[in-house]
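Q:
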Amino acid sequence: HGRGPSGLILSCKYVGGLSAEIRDLIAAGDLPTITLNYDSADIVHRVERMTVKIRPYDVDKRNLIARVYNDSLTLWPELSLMGRA
1 HGRGPSGLIL
11 SCKYVGGLSA
21 EIRDLIAAGD
31 LPTITLNYDS
41 ADIVHRVERM
51 TVKIRPYDVD
61 KRNLIARVYN
71 DSLTLWPELS
81 LMGRA
């Protein structure tokens, strides 16, 4: 099995973010992608300041993330089966 990206954060060099046409193309694809209305430098600055900690024993956090994905995203139908087995 191949390995590749699990998702992308796309930015634009201009304030205001990517054009509507680009966002539509991204939405039509099947790769999880976050697009933001910030320029690249601002995104890098914000990501560098983030503190994200999810440990293997953080069952509540993991369940919350799975529930949000399941309720909010339709990227993979298999996600709707999580927790039902």
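Residue 14 in my numbering sits at position 14 of the sequence shown; the count goes up by one each step and never skips.
All residues carry an ideal CB built from backbone N, CA and C; glycine is no exception.
What does DSSP give as the partner residue(s) for residue 39 in the beta ladder?
A: DSSP lists 12 as partners of residue 39.
Q: Identify whether residue 26 lies in helix, strand or coil by the three-state DSSP scheme.
A: If DSSP states are grouped into helix, strand and coil, residue 26 belongs with the helices.
Q: Would you list the residues sitting across from residue 91 in a DSSP beta bridge?
A: A query on residue 91 cannot be resolved here, the shown segment of the chain reaching from 1 to 85 and no further.
Q: Taking buried to mean at least 16 other C-beta atoms within 10 Å of its own C-beta, is residue 19 buried or exposed?
A: By the 10 Å Cβ count, residue 19 comes out exposed.
Q: Distance, Cα to Cα, residue 48 vs residue 33?
A: Using only the alpha carbons, I get a separation of about 18 Å.
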